[in-house]
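Enquirer: Residue numbers (my numbering): 6 to 412. Positions of the beta carbon are idealized from the N, C-alpha and C atoms, including for glycine. My questions all concern the structure below.
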(Lines of atoms letter the chains of each structure in order from A; the text may use other names.)
(Lines give C-alpha, C1' and ligand atoms only; values in the text may rest on other atoms or scores of the structure.)
Protein backbone atom coordinates (compact mmCIF):
# COMPACT_ATOMS: atom_id res chain seq x y z
CA UNK A 6 0.00 0.00 0.00
CA UNK A 7 1.46 3.30 -1.11
CA UNK A 8 0.01 6.27 0.75
CA UNK A 9 -1.25 9.07 -1.46
CA UNK A 10 0.16 12.57 -1.25
CA UNK A 11 -2.60 15.00 -0.42
CA UNK A 12 -2.60 18.76 -0.31
CA UNK A 13 -0.13 19.99 2.28
CA UNK A 14 -2.77 21.42 4.62
CA UNK A 15 -2.81 25.07 5.53
CA UNK A 16 0.54 25.70 3.87
CA UNK A 17 -0.21 29.28 2.82
CA UNK A 18 -1.50 30.10 6.30
CA UNK A 19 1.67 28.65 7.81
CA UNK A 20 3.83 30.53 5.30
CA UNK A 21 1.99 33.78 6.02
CA UNK A 22 2.64 33.34 9.73
CA UNK A 23 6.28 32.56 9.07
CA UNK A 24 6.56 35.61 6.80
CA UNK A 25 5.10 37.87 9.48
CA UNK A 26 7.42 36.29 12.00
CA UNK A 27 10.36 36.86 9.66
CA UNK A 28 9.56 40.55 9.40
CA UNK A 29 9.34 40.84 13.17
CA UNK A 30 12.50 38.81 13.58
CA UNK A 31 14.36 40.98 11.09
CA UNK A 32 13.45 44.11 13.03
CA UNK A 33 14.46 42.53 16.32
CA UNK A 34 17.65 41.20 14.82
CA UNK A 35 18.86 44.74 14.30
CA UNK A 36 18.31 45.39 18.00
CA UNK A 37 19.18 42.07 19.59
CA UNK A 38 21.42 40.39 17.02
CA UNK A 39 21.36 36.92 15.52
CA UNK A 40 20.86 35.10 18.82
CA UNK A 41 17.81 37.20 19.62
CA UNK A 42 16.43 36.36 16.19
CA UNK A 43 16.98 32.65 16.77
CA UNK A 44 15.36 32.68 20.20
CA UNK A 45 12.30 34.48 18.93
CA UNK A 46 12.04 32.03 16.07
CA UNK A 47 12.26 29.13 18.52
CA UNK A 48 9.52 30.65 20.66
CA UNK A 49 7.26 30.93 17.62
CA UNK A 50 7.94 27.36 16.51
CA UNK A 51 7.26 26.04 20.00
CA UNK A 52 3.91 27.83 20.06
CA UNK A 53 2.71 26.68 16.63
CA UNK A 54 0.90 23.37 16.22
CA UNK A 55 2.60 22.79 12.87
CA UNK A 56 6.08 23.47 11.56
CA UNK A 57 8.52 22.76 8.74
CA UNK A 58 11.93 21.16 8.52
CA UNK A 59 13.47 24.48 7.49
CA UNK A 60 12.03 26.18 10.56
CA UNK A 61 13.39 23.48 12.89
CA UNK A 62 16.83 23.78 11.32
CA UNK A 63 16.83 27.57 11.53
CA UNK A 64 15.99 27.76 15.24
CA UNK A 65 18.27 24.97 16.47
CA UNK A 66 21.51 24.63 14.53
CA UNK A 67 22.75 28.11 15.41
CA UNK A 68 22.36 27.54 19.15
CA UNK A 69 25.29 26.95 21.48
CA UNK A 70 23.67 23.60 22.37
CA UNK A 71 21.50 22.57 19.41
CA UNK A 72 20.72 19.18 20.93
CA UNK A 73 19.09 20.86 23.92
CA UNK A 74 16.87 22.93 21.62
CA UNK A 75 15.94 19.85 19.59
CA UNK A 76 15.02 18.10 22.82
CA UNK A 77 12.72 21.02 23.75
CA UNK A 78 10.95 20.71 20.42
CA UNK A 79 10.69 16.94 20.81
CA UNK A 80 9.12 17.25 24.24
CA UNK A 81 6.28 19.45 22.98
CA UNK A 82 4.59 16.21 21.93
CA UNK A 83 3.48 17.87 18.68
CA UNK A 84 3.45 15.43 15.79
CA UNK A 85 5.09 17.68 13.15
CA UNK A 86 7.78 18.88 15.57
CA UNK A 87 8.77 15.38 16.62
CA UNK A 88 8.84 14.14 13.05
CA UNK A 89 11.01 17.03 11.85
CA UNK A 90 13.37 16.72 14.84
CA UNK A 91 14.07 13.07 14.10
CA UNK A 92 14.34 13.69 10.38
CA UNK A 93 16.96 16.38 11.03
CA UNK A 94 18.85 14.13 13.44
CA UNK A 95 18.91 11.36 10.85
CA UNK A 96 20.33 13.76 8.28
CA UNK A 97 22.99 15.00 10.71
CA UNK A 98 23.89 11.48 11.86
CA UNK A 99 24.31 10.39 8.24
CA UNK A 100 26.72 13.25 7.50
CA UNK A 101 28.61 13.89 10.73
CA UNK A 102 29.88 11.07 12.98
CA UNK A 103 29.99 13.42 15.99
CA UNK A 104 26.21 13.82 15.80
CA UNK A 105 25.62 10.06 16.01
CA UNK A 106 26.61 9.87 19.66
CA UNK A 107 24.89 13.13 20.59
CA UNK A 108 21.62 12.10 19.00
CA UNK A 109 21.58 8.48 20.16
CA UNK A 110 19.53 8.86 23.40
CA UNK A 111 16.70 10.71 21.66
CA UNK A 112 16.79 8.38 18.66
CA UNK A 113 16.55 5.32 20.89
CA UNK A 114 13.51 6.89 22.56
CA UNK A 115 12.05 7.58 19.12
CA UNK A 116 12.07 3.87 18.21
CA UNK A 117 9.10 3.48 20.56
CA UNK A 118 7.27 6.63 19.46
CA UNK A 119 3.52 6.73 18.92
CA UNK A 120 4.21 7.77 15.31
CA UNK A 121 5.35 4.88 13.11
CA UNK A 122 7.00 7.30 10.66
CA UNK A 123 9.17 8.59 13.52
CA UNK A 124 10.17 5.04 14.46
CA UNK A 125 11.22 4.35 10.88
CA UNK A 126 13.37 7.48 10.74
CA UNK A 127 14.95 6.67 14.10
CA UNK A 128 15.97 3.18 13.01
CA UNK A 129 17.40 4.61 9.81
CA UNK A 130 19.59 6.94 11.85
CA UNK A 131 20.59 4.37 14.48
CA UNK A 132 21.81 1.96 11.82
CA UNK A 133 24.83 4.31 11.61
CA UNK A 134 25.44 4.25 15.39
CA UNK A 135 27.62 1.26 16.40
CA UNK A 136 26.56 1.31 20.05
CA UNK A 137 22.83 1.65 19.50
CA UNK A 138 21.86 -1.93 20.45
CA UNK A 139 19.66 -2.44 17.42
CA UNK A 140 18.88 -6.06 18.27
CA UNK A 141 17.05 -5.17 21.48
CA UNK A 142 15.33 -2.14 19.95
CA UNK A 143 14.19 -4.10 16.91
CA UNK A 144 13.02 -7.03 19.03
CA UNK A 145 10.70 -4.71 20.94
CA UNK A 146 8.85 -3.98 17.70
CA UNK A 147 7.95 -7.63 17.18
CA UNK A 148 5.27 -7.76 19.87
CA UNK A 149 3.50 -4.57 18.80
CA UNK A 150 -0.21 -4.74 17.99
CA UNK A 151 0.33 -2.93 14.67
CA UNK A 152 1.50 -5.43 12.02
CA UNK A 153 3.47 -2.71 10.26
CA UNK A 154 5.50 -2.13 13.41
CA UNK A 155 6.23 -5.85 13.49
CA UNK A 156 7.33 -5.60 9.86
CA UNK A 157 9.67 -2.78 10.85
CA UNK A 158 11.24 -4.98 13.50
CA UNK A 159 11.72 -7.85 11.05
CA UNK A 160 13.33 -5.56 8.47
CA UNK A 161 15.82 -4.28 11.06
CA UNK A 162 16.68 -7.76 12.33
CA UNK A 163 17.13 -9.05 8.79
CA UNK A 164 20.33 -7.01 8.56
CA UNK A 165 21.90 -9.02 11.35
CA UNK A 166 23.63 -12.42 11.35
CA UNK A 167 21.19 -15.31 11.60
CA UNK A 168 22.41 -16.48 15.01
CA UNK A 169 21.34 -13.19 16.55
CA UNK A 170 17.93 -12.95 14.93
CA UNK A 171 16.36 -16.29 14.03
CA UNK A 172 15.44 -17.10 17.61
CA UNK A 173 13.33 -13.96 17.98
CA UNK A 174 11.84 -13.82 14.47
CA UNK A 175 10.86 -17.48 13.97
CA UNK A 176 7.75 -17.34 16.25
CA UNK A 177 6.22 -14.76 13.88
CA UNK A 178 5.53 -17.55 11.41
CA UNK A 179 2.36 -17.94 13.51
CA UNK A 180 1.42 -14.26 13.18
CA UNK A 181 -2.26 -13.59 12.33
CA UNK A 182 -1.32 -11.12 9.58
CA UNK A 183 -0.27 -12.74 6.25
CA UNK A 184 2.21 -10.00 5.37
CA UNK A 185 4.06 -10.55 8.66
CA UNK A 186 4.24 -14.30 8.02
CA UNK A 187 5.62 -13.60 4.53
CA UNK A 188 8.22 -11.16 5.87
CA UNK A 189 9.29 -13.69 8.51
CA UNK A 190 9.67 -16.40 5.89
CA UNK A 191 11.63 -13.99 3.71
CA UNK A 192 14.03 -13.26 6.56
CA UNK A 193 14.44 -16.97 7.28
CA UNK A 194 15.11 -17.59 3.58
CA UNK A 195 17.74 -14.84 3.65
CA UNK A 196 19.51 -16.36 6.66
CA UNK A 197 19.28 -20.07 5.86
CA UNK A 198 18.99 -20.37 2.09
CA UNK A 199 15.87 -22.52 2.56
CA UNK A 200 12.73 -21.67 0.57
CA UNK A 201 9.33 -23.15 1.38
CA UNK A 202 7.26 -21.07 -1.01
CA UNK A 203 5.81 -18.37 1.25
CA UNK A 204 5.50 -15.04 -0.53
CA UNK A 205 3.87 -11.69 0.22
CA UNK A 206 0.07 -11.67 -0.26
CA UNK A 207 -1.08 -10.56 -3.69
CA UNK A 208 -2.67 -7.12 -3.96
CA UNK A 209 -5.63 -8.47 -5.91
CA UNK A 210 -6.49 -11.60 -3.92
CA UNK A 211 -8.69 -10.09 -1.23
CA UNK A 212 -11.23 -12.90 -1.33
CA UNK A 213 -12.54 -15.98 -3.06
CA UNK A 214 -10.69 -19.04 -4.31
CA UNK A 215 -7.45 -17.19 -5.06
CA UNK A 216 -7.19 -15.94 -1.49
CA UNK A 217 -7.90 -19.40 -0.08
CA UNK A 218 -5.27 -20.99 -2.32
CA UNK A 219 -2.78 -18.37 -1.21
CA UNK A 220 -3.62 -19.00 2.46
CA UNK A 221 -3.31 -22.78 2.01
CA UNK A 222 0.10 -22.38 0.40
CA UNK A 223 1.16 -20.15 3.27
CA UNK A 224 0.01 -22.68 5.88
CA UNK A 225 1.88 -25.44 4.09
CA UNK A 226 5.03 -23.30 4.00
CA UNK A 227 4.80 -22.63 7.74
CA UNK A 228 4.54 -26.36 8.46
CA UNK A 229 7.61 -27.00 6.32
CA UNK A 230 9.56 -24.31 8.16
CA UNK A 231 8.64 -25.87 11.50
CA UNK A 232 9.67 -29.31 10.25
CA UNK A 233 12.99 -27.87 9.10
CA UNK A 234 13.47 -26.24 12.50
CA UNK A 235 12.78 -29.52 14.31
CA UNK A 236 15.28 -31.33 12.08
CA UNK A 237 18.02 -28.70 12.44
CA UNK A 238 18.20 -27.71 16.11
CA UNK A 239 21.90 -26.90 15.80
CA UNK A 240 21.14 -24.07 13.32
CA UNK A 241 18.57 -22.31 15.48
CA UNK A 242 19.13 -21.09 19.05
CA UNK A 243 16.31 -21.64 21.56
CA UNK A 244 13.31 -19.59 20.49
CA UNK A 245 12.51 -16.43 22.41
CA UNK A 246 8.94 -15.78 23.55
CA UNK A 247 7.62 -12.44 22.37
CA UNK A 248 6.76 -9.91 25.03
CA UNK A 249 3.16 -8.95 25.69
CA UNK A 250 2.08 -6.13 23.41
CA UNK A 251 1.73 -2.73 25.03
CA UNK A 252 0.48 0.47 23.47
CA UNK A 253 3.05 3.22 22.88
CA UNK A 254 3.22 5.83 25.60
CA UNK A 255 1.02 8.87 24.93
CA UNK A 256 2.69 11.86 23.35
CA UNK A 257 3.48 14.61 25.87
CA UNK A 258 1.25 17.64 26.04
CA UNK A 259 -2.42 18.37 26.71
CA UNK A 260 -5.28 16.26 25.33
CA UNK A 261 -6.13 16.86 21.69
CA UNK A 262 -8.69 19.61 21.23
CA UNK A 263 -10.30 20.81 18.00
CA UNK A 264 -13.73 21.59 16.59
CA UNK A 265 -14.77 21.02 12.98
CA UNK A 266 -18.06 21.05 11.12
CA UNK A 267 -19.76 17.83 10.10
CA UNK A 268 -21.13 17.32 6.58
CA UNK A 269 -24.19 19.39 7.48
CA UNK A 270 -22.06 22.21 8.87
CA UNK A 271 -22.78 21.54 12.56
CA UNK A 272 -19.78 22.03 14.86
CA UNK A 273 -18.39 18.90 16.51
CA UNK A 274 -15.74 18.97 19.24
CA UNK A 275 -13.42 16.00 19.60
CA UNK A 276 -13.65 16.52 23.37
CA UNK A 277 -17.20 15.17 23.34
CA UNK A 278 -15.76 11.69 22.78
CA UNK A 279 -13.75 11.60 26.01
CA UNK A 280 -14.12 8.17 27.57
CA UNK A 281 -13.91 6.45 24.18
CA UNK A 282 -10.98 5.63 21.95
CA UNK A 283 -11.09 7.94 18.91
CA UNK A 284 -9.79 6.91 15.50
CA UNK A 285 -9.11 10.00 13.40
CA UNK A 286 -8.97 9.00 9.75
CA UNK A 287 -7.61 11.76 7.48
CA UNK A 288 -8.76 11.12 3.93
CA UNK A 289 -10.11 12.52 0.67
CA UNK A 290 -12.67 11.24 -1.80
CA UNK A 291 -10.04 11.05 -4.56
CA UNK A 292 -7.55 8.90 -2.59
CA UNK A 293 -7.93 5.24 -3.72
CA UNK A 294 -6.48 3.76 -0.53
CA UNK A 295 -8.79 5.94 1.56
CA UNK A 296 -11.84 4.67 -0.31
CA UNK A 297 -10.56 1.10 -0.07
CA UNK A 298 -10.52 1.15 3.74
CA UNK A 299 -14.02 2.62 4.21
CA UNK A 300 -15.78 -0.79 4.52
CA UNK A 301 -13.32 -1.85 7.23
CA UNK A 302 -13.86 1.38 9.16
CA UNK A 303 -17.63 0.97 8.88
CA UNK A 304 -17.33 -2.61 10.15
CA UNK A 305 -15.02 -1.51 12.96
CA UNK A 306 -17.44 1.17 14.19
CA UNK A 307 -20.33 -1.28 13.98
CA UNK A 308 -18.43 -3.83 16.10
CA UNK A 309 -17.30 -1.28 18.72
CA UNK A 310 -20.14 1.22 19.24
CA UNK A 311 -19.59 1.58 22.99
CA UNK A 312 -15.85 2.17 23.26
CA UNK A 313 -14.83 3.59 19.85
CA UNK A 314 -15.62 6.68 17.80
CA UNK A 315 -14.41 6.51 14.20
CA UNK A 316 -14.12 10.08 12.92
CA UNK A 317 -13.38 10.61 9.25
CA UNK A 318 -11.70 13.99 8.68
CA UNK A 319 -11.99 14.96 5.03
CA UNK A 320 -9.31 17.19 3.51
CA UNK A 321 -11.29 17.64 0.30
CA UNK A 322 -11.01 21.22 -0.87
CA UNK A 323 -8.27 22.13 1.60
CA UNK A 324 -6.35 25.14 0.25
CA UNK A 325 -2.94 25.17 -1.40
CA UNK A 326 -2.91 21.60 -2.56
CA UNK A 327 -1.28 20.41 -5.74
CA UNK A 328 -2.62 18.13 -8.42
CA UNK A 329 -1.05 14.71 -7.98
CA UNK A 330 -2.32 13.45 -11.34
CA UNK A 331 -5.62 12.12 -10.10
CA UNK A 332 -7.14 13.03 -13.42
CA UNK A 333 -10.34 14.88 -12.47
CA UNK A 334 -11.57 18.05 -10.85
CA UNK A 335 -13.11 16.46 -7.77
CA UNK A 336 -10.19 17.56 -5.62
CA UNK A 337 -9.98 21.25 -6.53
CA UNK A 338 -8.62 23.16 -3.59
CA UNK A 339 -10.15 26.27 -2.12
CA UNK A 340 -13.63 25.15 -3.22
CA UNK A 341 -16.80 26.44 -1.57
CA UNK A 342 -17.05 24.48 1.73
CA UNK A 343 -20.82 24.11 1.34
CA UNK A 344 -20.34 22.45 -2.05
CA UNK A 345 -17.65 20.19 -0.64
CA UNK A 346 -19.93 19.16 2.24
CA UNK A 347 -22.71 18.35 -0.24
CA UNK A 348 -20.26 16.23 -2.22
CA UNK A 349 -19.23 14.43 0.97
CA UNK A 350 -22.87 13.67 1.80
CA UNK A 351 -23.41 12.15 -1.66
CA UNK A 352 -20.19 10.19 -1.40
CA UNK A 353 -21.12 8.83 2.04
CA UNK A 354 -24.50 7.63 0.76
CA UNK A 355 -22.95 5.96 -2.28
CA UNK A 356 -20.26 4.17 -0.25
CA UNK A 357 -22.39 3.26 2.77
CA UNK A 358 -20.17 5.37 5.00
CA UNK A 359 -22.00 5.54 8.33
CA UNK A 360 -19.42 6.79 10.84
CA UNK A 361 -19.01 10.48 11.69
CA UNK A 362 -17.58 12.68 8.93
CA UNK A 363 -16.00 16.07 9.58
CA UNK A 364 -14.69 18.54 7.01
CA UNK A 365 -11.32 20.20 7.61
CA UNK A 366 -11.91 22.99 5.09
CA UNK A 367 -8.73 24.91 5.97
CA UNK A 368 -6.56 21.85 6.54
CA UNK A 369 -5.48 23.11 9.96
CA UNK A 370 -6.28 19.94 11.90
CA UNK A 371 -4.68 17.85 9.18
CA UNK A 372 -1.52 19.94 9.48
CA UNK A 373 -1.32 19.16 13.20
CA UNK A 374 -1.11 15.45 12.42
CA UNK A 375 0.82 15.57 9.13
CA UNK A 376 -2.37 14.43 7.50
CA UNK A 377 -1.26 15.25 3.94
CA UNK A 378 -0.08 11.66 3.39
CA UNK A 379 -3.24 9.67 2.85
CA UNK A 380 -4.75 7.89 4.56
CA UNK A 381 -3.32 8.99 7.90
CA UNK A 382 -4.78 7.34 10.99
CA UNK A 383 -4.40 8.70 14.52
CA UNK A 384 -5.58 6.87 17.63
CA UNK A 385 -6.52 8.91 20.69
CA UNK A 386 -6.98 7.15 24.02
CA UNK A 387 -10.08 7.78 26.20
CA UNK A 388 -8.26 10.75 27.78
CA UNK A 389 -7.73 12.36 24.37
CA UNK A 390 -3.99 11.70 24.12
CA UNK A 391 -2.23 10.59 20.93
CA UNK A 392 -1.29 6.91 21.23
CA UNK A 393 -0.63 6.01 17.60
CA UNK A 394 -0.16 7.64 14.23
CA UNK A 395 0.43 5.68 11.05
CA UNK A 396 -0.04 5.88 7.31
CA UNK A 397 -2.05 3.45 5.26
CA UNK A 398 -4.77 0.91 5.77
CA UNK A 399 -5.02 -1.81 8.42
CA UNK A 400 -7.25 -4.86 8.73
CA UNK A 401 -10.17 -4.84 11.15
CA UNK A 402 -8.32 -7.42 13.26
CA UNK A 403 -5.23 -5.19 13.43
CA UNK A 404 -7.31 -2.18 14.44
CA UNK A 405 -9.05 -4.21 17.14
CA UNK A 406 -5.73 -5.40 18.56
CA UNK A 407 -4.61 -1.78 18.86
CA UNK A 408 -7.92 -0.73 20.39
CA UNK A 409 -7.85 -3.52 22.97
CA UNK A 410 -4.59 -2.11 24.38
CA UNK A 411 -6.29 1.19 25.15
CA UNK A 412 -9.37 -0.06 27.00
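#1: Would you say residue 385 and residue 261 are within 8 Å of each other, going by their C-beta atoms?
#2: Which residue from 97, 365, 79 puts its Cα closest to that of residue 286?
#3: Given this structure, state the Cα-to-Cα distance separating residue 48 from residue 381, to the nearest angstrom.
#4: Pick out the complete beta strand (DSSP E) segments inside the segment 222-286, 3 residues or longer, and give them in chain order.
#5: Could you pull out every residue in the same chain whose Cβ sits closer than 7 Å to the Cβ of residue 330, ignoring the five residues on either side in sequence?
#6: Looking at the unbroken alpha helix (DSSP H) that takes in residue 158, where does it start and where does it end?
#7: Going by DSSP, which residues form a beta bridge with residue 391?
#8: Residue 309 to residue 277, Cα distance in whole Å?
#9: Taking the alpha carbon of residue 273 as the point to measure from, which residue in 145, 263, 113, 279 has its own alpha carbon closest?
#10: Under the rule that 16 or more other beta-carbon atoms within 10 Å means buried, what is residue 367, buried or exposed?
#11: Between the C-alpha atoms of residue 161 and residue 128, what's the straight-line distance to the nearest angstrom?
#12: Between residue 50 and the rest of its own chain, which residues show a CB-CB distance below 8 Å, the 5 nearest in sequence each way excluded?
#13: The alpha helix (DSSP H) with residue 91 in it runs from where to where?
#14: Count the other CB atoms within 10 Å of the CB of residue 25; is the residue buried (16 or more) or exposed (fewer)?
#15: Who are residue 409's beta bridge partners in DSSP?
#16: Determine, using beta carbons only, whether residue 202 and residue 222 come nearer to each other than 8 Å.
#17: Go ahead and pull the three-state DSSP assignment for residue 322.
#18: Leaving out five residues on either side along the sequence, give the residues of the same chain with a beta carbon under 6 Å from the beta carbon of residue 268.
#19: Identify every residue that forms a DSSP beta bridge with residue 120.
#20: Can you grab the Cα-Cα spacing for the pair residue 322 / residue 357, in whole Å?
#21: Answer with buried or exposed for residue 153, where buried requires no fewer than 16 other C-beta atoms within 10 angstroms of its C-beta.
#22: When you compare the CB positions of residue 187 and residue 163, do they come within less than 8 Å of one another, or not?
#23: Could you pull out every residue in the same chain whose Cβ sits closer than 7 Å to the Cβ of residue 181, ignoring the five residues on either side in sequence?
#24: Quick check on the DSSP output: the beta strand (DSSP E) that includes residue 362 runs from which residue to which?
#25: Suppose you measure from the CA of residue 167 to the CA of residue 265; what does that come to, to the nearest Å?
#26: Just to confirm the assignment, what range does the alpha helix (DSSP H) spanning residue 183 have?
#27: Give the secondary structure of residue 314 by DSSP, where H, G and I count as helix, E and B as strand, and everything else as coil.
#28: At which residue ranges does the segment 30-80 contain complete alpha helix (DSSP H) runs of 4 or more residues, listed in the order of the chain?
#29: Select from 240, 271, 138 the residue whose C-alpha is nearest the C-alpha of residue 343.
#30: Just to confirm my understanding: we take residue 306, look at its own chain, exclude 5 residues before and 5 after, and list those with CB closer than 6 Å. What are they?
#31: For residue 352, report the span of its alpha helix (DSSP H) as first-last.
#32: Straight-line CA distance for residue 238 to residue 53?
#33: Per DSSP, what kind of secondary structure is residue 3 in: helix, strand or coil?
#34: Ends of the alpha helix (DSSP H) at residue 299?
#35: Given residue 132, which residues of its chain have a CB within under 6 Å of its CB, disregarding the five upstream and five downstream residues?
#36: So is residue 393 buried or exposed if we call it buried at 16+ other beta carbons inside 10 Å?
Expert: Answer, in terms of the structure:
#1: Their beta carbons are under 8 Å apart, which means residue 385 touches residue 261 by this criterion.
#2: 365
#3: Looking at the two C-alpha atoms, the distance is approximately 28 Å.
#4: 264-267, 272-274
#5: Annotation note: pLDDT 37 at residue 330 (below 50); position unreliable, no value reported.
#6: For residue 158, the enclosing alpha helix (DSSP H) starts and ends at 152-162.
#7: 385
#8: 17 Å
#9: 263
#10: buried
#11: Between the C-alpha atoms of residue 161 and residue 128 there is a straight-line separation of about 8 Å.
#12: Closer than 8 Å at Cβ, skipping near neighbours: 56, 60, 61, 64, 78, 86.
#13: 84-100
#14: With fewer than 16 Cβ atoms within 10 Å of its Cβ, residue 25 is classed as exposed.
#15: According to DSSP, which records beta bridges pairwise, residue 409 is partnered with nothing at all.
#16: yes
#17: coil
#18: 346, 349, 350, 362
#19: 394
#20: 22 Å
#21: buried
#22: Not in contact: residue 187 and residue 163 (Cβ atoms no closer than 8 Å).
#23: When the five nearest sequence neighbours on each side are left out, the beta carbons in the same chain lying within less than 7 Å of the beta carbon of residue 181 are those of 402, in order along the chain.
#24: 361-364
#25: 51 Å
#26: 183-197
#27: strand
#28: 58-65, 71-79
#29: 271
#30: Excluding residues within five positions, the ones whose Cβ falls inside 6 Å are 315, 360.
#31: 342-356
#32: 57 Å
#33: This structure cannot speak to residue 3, because the chain is shown only from 6 to 412.
#34: 293-308
#35: Setting aside the 5 residues that flank it on each side, residue 132 has no residue in the same chain whose C-beta is closer than 6 Å to its C-beta.
#36: buried
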